[in-house]
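A.B. asks: Going from the sequence shown to our numbering is simple: count from 1 and add 503. For glycine and all other residues, C-beta sits at the position ideal for the given N, C-alpha and C. Pasting in a structure now, in structure tokens, and then I'll have a few things to ask.
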Amino acid sequence: MKRVLPMLAVLTSALTAASTPARSAGWELVFSDEFNGDKLDRNKWATRYLYSNETMDHFNDENQRYRDGHVVADGVLNLIAKKMPGSPSLYESAMIRSHRTFYYGYYEARVFLPNAKGVWPAFWLEADYDIDGKTWHPPEIDIFEFVMNGVEDKANSLHSNVVAPFDPRQYTYVDRSFELKFQNMYGSEDLNQGWHTAGFVWAPDKISMFWDGKLIYTRNYQWQRSDGKLGPPAHVDLNFAVGGSKWAGRHGIDEAAFPQSFKIDYVRVCQFTTSERGGRQCGPSQLTPDPQQFGYSAPLNDMAKPAFLPVSKVVAGKQPNAGALALTTSDKLNVEIPLKVPADYPSNRTLQVTVYDKATGAIVSSANTKLQVEPDKKRADGSTTVVASLPAVERPGNYILFGRLASDVTNGNGAKQTLSSPVTCSTDVVQPPKATVCKLLNLDVQAQTQSH
């Protein structure tokens with residue numbers, strides 16, 4: 504997606520040149536959604552962009568505003584765009600963004616594209632938070648963008664590109680259907696008349712795009728920030744944008760053709776492995792590129808993140824059950840929080856523990872403590888325990904205990920700011936595995952009974 508964003512910094516560089524994979528190597532399925540239920544899995548997907556505290560609902564001057572305008576039915580996710588009530592020019596639409604993040608791999612989605620002037624659905628990889636909680640742009644990979652403006656871009660064309668200086672010499676293979684000048688693939692028929700499978704291999708030193716199993720191009724590429732260092736890991740976006748004066752809406756929008764739907768049958772992510780877990784196919788995908796030809800060597804497949812582990816000690820003599828703890832208004836909280844911290848993790852972190860009122864969203868109490876990882880005090884499982892003390896919750900009700908790791912960083916203008924570092928949530932409370940704030944426990948607070 505083309506856009507303008509304030510861009511910030513982090514991470515260290517470590518790219519490894521691709522090598523010829525061993526015969527036992529192959530693709531390992533690490534993430535997928537077949538959309539077989541009747542609702543979106545919120546532990547896998549968010550429905551807004553990462554920016555503005557993960558609430559951003561559009562880029563630039565697009566005409567859509569992302570809402571939860573999606574329907575899961577008959578094994579298909581429908582991202583639906585329709586006119587917004589009370590607005591002469593805006594549309595409600597939908598998107599999904601994976602909570603999980605990745606370095607490299609094979610990405611595949613089976614899609615049915617919409618059919619109206621002004622549509623702009625896309626399947627792309629976007630840089631997530633770095634280790635300090637900052638965002639960067641570039642990098643960005645647009646697996647495809649399907650734009651219909653009725654003049655320059657019609658239903659038989661598909662755009663695929665990366666955010667990097669254009670140089671035709673970077674391309675080592677180009678199918679005759681792909682026009683380098685515009686980075687567009689042109690079909691012999693309109694591309695929105697049936698189901699199609701988009702595939703993409705992202706390797707440390709090159710990328711390859713596939714359409715219905717056919718290789719469209721391979722080009723040299725490295726996932727780098729604007730300062731030339733390795734970018735943060737990527738999350739997966741599938742979104743249905745509408746309009747925008749510079750591209751999809753350049754020649755107007757066919758309002759009468761809406762509502763429209765961008766249909767997604769499945770999304771799958773596989774990473775290359777030399778272990779016995781590797782296979783010829785990416786899960787059940789029949790169109791997977793040969794790992795012997797498109798495999799790669801890489802030192803990482805995601806960014807190492809601290810993990811919040813299940814909390815069992817909060818109030819003496821009271822044990823949590825299935826992620827919930829019953830206590831009274833007189834119980835002070837002395838929380839022992841187990842954390843598994845990666846080796847060489849930055850030391851400038853503050854653990855912030857907060858109690859929220861579920862009914863009002865208000866902060867009831869909070870405590871900060873410096874994160875100190877002492878090797879000689881680690882537990883047998885490699886974790887360390889941080890203690891945070893909070894006062895008793897004085898009003899009966901339902902509350903939730905949150906934890907986050909805050910870092911003080913400097914932005915691009917030299918100003919200091921406090922950000923939440925990305926973490927893994929492995930507590931007993933159901934939630935997305937990757938987040939910037941983890942739910943530690945649900946608290947059921949009852950009034951203190953009087954003894955006689």
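Run through DSSP, which three-state label would residue 606 get?
C.D. replies: Position 103 of the sequence shown, counting from 1, holds the residue named residue 606. In the structure shown, residue 606 falls within a coil segment according to DSSP collapsed to helix, strand and coil.
A.B. asks: Mind checking residue 623: buried by the 16 CB within 10 Å criterion, or exposed?
C.D. replies: What you label residue 623 is simply residue 120 of the sequence shown in a count that begins at 1. Classification for residue 623: buried.
A.B. asks: When DSSP labels each residue in this structure, what does residue 901 get in the three-state scheme?
C.D. replies: Mapped onto the sequence shown, residue 901 falls at position 398. Strand at residue 901.
A.B. asks: Please report how far the alpha carbon of residue 834 lies from the alpha carbon of residue 895, in whole angstroms.
C.D. replies: As a working mapping, residue 834 is identified with position 331 in the sequence shown. As a working mapping, residue 895 is identified with position 392 in the sequence shown. Going by the C-alpha atoms only, they are around 5 Å apart.
A.B. asks: Spatial neighbours of residue 886 within its chain, please: C-beta separation below 7 Å, excluding the five flanking residues on both sides.
C.D. replies: Here residue 886 is taken as the residue at index 383 of the sequence shown, counted from 1. Excluding sequence neighbours, residue 886 sits near 812, 841, 842 and 843.
A.B. asks: Cβ atoms of residue 763 and residue 584: under 8 Å apart, would you say?
C.D. replies: By 1-based counting over the sequence shown, the position of residue 584 is 81. By 1-based counting over the sequence shown, the position of residue 763 is 260. Yes.
A.B. asks: Report yes if the C-beta distance between residue 756 and residue 612 is below 8 Å; otherwise report no.
C.D. replies: As a working mapping, residue 756 is identified with position 253 in the sequence shown. As a working mapping, residue 612 is identified with position 109 in the sequence shown. No; because the gap between Cβ atoms is not below 8 Å, this pair is not in contact.
A.B. asks: To the nearest angstrom, how far is it from the Cα of residue 586 to the Cα of residue 635?
C.D. replies: Here residue 586 refers to the residue found at position 83 of the sequence shown. Here residue 635 refers to the residue found at position 132 of the sequence shown. Distance between the alpha carbons of residue 586 and residue 635 is about 39 Å.
A.B. asks: Please list the terminal residues of the continuous alpha helix (DSSP H) segment that includes residue 556.
C.D. replies: Locating residue 556 in the sequence shown gives position 53, where the first residue counts as 1. First-last of the alpha helix (DSSP H) with residue 556: 554-557.
A.B. asks: Return the residue from the list 908, 941, 534 and 552 that minimises the CA-CA distance to residue 741.
C.D. replies: Here residue 741 refers to the residue found at position 238 when the sequence shown is read from its first residue. Check the Cα spacing between residue 741 and each of 908, 941, 534 and 552: the tightest is with 552.
A.B. asks: Roughly how many angstroms separate the alpha carbons of residue 825 and residue 932, rounded to a whole number?
C.D. replies: As a first step, residue 825 is located in the sequence shown; it is residue number 322 there, counting from the start. As a first step, residue 932 is located in the sequence shown; it is residue number 429 there, counting from the start. Their Cα atoms are separated by approximately 7 Å.
A.B. asks: Give me the residue from 915, 758 and 703 with the minimum Cα distance to residue 788.
C.D. replies: In the sequence shown, counting from the first residue as 1, residue 788 sits at position 285. Taking only the C-alpha atoms, the option nearest residue 788 is 703.
A.B. asks: Which residue wins for smallest C-alpha separation from residue 928, given the options 941, 814 and 555?
C.D. replies: The residue labelled residue 928 in the question sits at position 425 within the sequence shown. Residue 941 is the option with its Cα nearest to residue 928.
A.B. asks: Enumerate in chain order the residues of its own chain whose CB-to-CB distance from residue 615 is below 6 Å, with the five nearest sequence positions on each side excluded.
C.D. replies: Along the sequence shown, one-based indexing puts residue 615 at 112. Cβ within range, chain order: 698 and 766.
A.B. asks: Since residue 797 is in the beta strand (DSSP E), which residue starts that stretch and which ends it?
C.D. replies: Taking the sequence shown and counting its residues from 1, one reaches residue 797 at position 294. Careful: residue 797 lies outside any beta strand (DSSP E), inside the alpha helix (DSSP H) at 794-797.
A.B. asks: Closest to residue 653 by CA distance: which of 591, 832, 750 and 662 is it?
C.D. replies: Here the question's residue 653 lines up with position 150 in the sequence shown. Distance check between residue 653 and each of 591, 832, 750 and 662 places 750 closest, using alpha-carbon atoms only.
A.B. asks: Straight-line CA distance for residue 571 to residue 952?
C.D. replies: The residue labelled residue 571 in the question sits at position 68 within the sequence shown. The residue labelled residue 952 in the question sits at position 449 within the sequence shown. Roughly 44 Å separates the two Cα atoms.
A.B. asks: Can you tell me which residues form a DSSP beta bridge with residue 868?
C.D. replies: The count along the sequence shown starts at 1 and reaches residue 868 at position 365. Beta-bridge partners assigned by DSSP to residue 868: 858.
A.B. asks: Would you kindly work out how many angstroms separate the C-alpha atoms of residue 820 and residue 837, rounded to a whole number?
C.D. replies: The count along the sequence shown starts at 1 and reaches residue 820 at position 317. The count along the sequence shown starts at 1 and reaches residue 837 at position 334. Their Cα atoms are separated by approximately 12 Å.
A.B. asks: Does residue 774 pass the burial test, meaning 16 or more other C-beta atoms within 10 Å, or should it be called exposed?
C.D. replies: As a first step, residue 774 must be located in the sequence shown, where it is residue number 271. Counting Cβ neighbours within 10 Å, residue 774 comes out buried, since at least 16 surround it.
A.B. asks: Does the distance from the CB of residue 956 to the CB of residue 922 come in under 8 Å?
C.D. replies: Not covered by the structure: residue 956. The range shown for the chain is 504 to 955.
A.B. asks: Mind checking residue 882: buried by the 16 CB within 10 Å criterion, or exposed?
C.D. replies: Here the question's residue 882 lines up with position 379 in the sequence shown. Its Cβ having fewer than 16 others within 10 Å, residue 882 is exposed.
A.B. asks: Thinking C-alpha only, which one of 901, 869 and 864 is nearest residue 831?
C.D. replies: Start at 1 with the first residue of the sequence shown, and residue 831 comes out as number 328. Residue 901 is the option with its Cα nearest to residue 831.
A.B. asks: I need the straight-line Cα distance from residue 682 to residue 709, nearest angstrom please.
C.D. replies: In the sequence shown, residue 682 corresponds to position 179, counting from 1. In the sequence shown, residue 709 corresponds to position 206, counting from 1. Spanning the two alpha carbons is a distance of roughly 19 Å.
A.B. asks: For a minimum of 3 consecutive residues, which ranges assigned as the beta strand (DSSP E) are wholly contained in the segment 716-790?
C.D. replies: 717-723, 737-745 and 763-776
A.B. asks: For the segment 726-739 and the segment 673-687, state whether three or more C-beta atom pairs, one from each stretch, are separated by less than 8 Å.
C.D. replies: no
A.B. asks: Between 666, 779 and 794, which has its C-alpha nearest residue 706's C-alpha?
C.D. replies: Looking up residue 706 in the sequence shown gives position 203. The shortest Cα separation from residue 706 among 666, 779 and 794 belongs to 794.
A.B. asks: Since I believe residue 549 is in contact with residue 537 (beta carbons under 8 Å), could you give me their beta-carbon distance rounded to a whole number of angstroms?
C.D. replies: Position 34 of the sequence shown, counted from the start, is the residue given in the question as residue 537. Position 46 of the sequence shown, counted from the start, is the residue given in the question as residue 549. Not quite, the Cβ-Cβ distance comes to about 19 Å (not below 8 Å), so this is no contact.
A.B. asks: DSSP three-state label for residue 673, please.
C.D. replies: Counted from its first residue, the sequence shown places residue 673 at position 170. Here residue 673 sits in helix by DSSP.
A.B. asks: Kindly list the residues whose CB is nearer than 7 Å to the CB of residue 692, restricted to its own chain and excluding five residues on each side of it in sequence; keep chain order.
C.D. replies: Stepping through the sequence shown from its first residue, residue 692 is reached at position 189. Answer for residue 692: 659, listed in chain order.
A.B. asks: Just curious, the beta strand (DSSP E) that residue 645 is in, first and last residue?
C.D. replies: The sequence position of residue 645 within the sequence shown is 142, counting from 1. Per DSSP, residue 645 belongs to the beta strand (DSSP E) from 643-648.
A.B. asks: Using three-state DSSP, classify residue 525 as helix, strand or coil.
C.D. replies: Stepping through the sequence shown from its first residue, residue 525 is reached at position 22. Reliability of the predicted coordinates at residue 525 is poor, the pLDDT of 43 falling under 50, and the value obtained from them is presented with this limitation in mind. Coil at residue 525, not helix or strand.
A.B. asks: Per DSSP, what kind of secondary structure is residue 939 in: helix, strand or coil?
C.D. replies: Position 436 of the sequence shown, counted from the first residue, corresponds to residue 939. Reduced to three states, the DSSP call for residue 939 is coil.
A.B. asks: When the Cα atoms are used, what is the spatial distance from residue 573 to residue 770?
C.D. replies: Along the sequence shown, one-based indexing puts residue 573 at 70. Along the sequence shown, one-based indexing puts residue 770 at 267. So the alpha carbons of these two residues sit roughly 15 Å apart.
A.B. asks: What span of residues does the beta strand (DSSP E) with residue 926 cover, start to end?
C.D. replies: Residue numbering aside, residue 926 sits at position 423 when the sequence shown is read from its first letter. Counting along the chain, the beta strand (DSSP E) containing residue 926 begins and ends at 926-928.
A.B. asks: By Cβ distance, which residues of its chain are closer than 7 Å to residue 736, with the 5 residues on each side in sequence left out?
C.D. replies: Position 233 of the sequence shown, counted from the first residue, corresponds to residue 736. Closer than 7 Å at Cβ, skipping near neighbours: 604, 605, 606, 631, 805 and 806.
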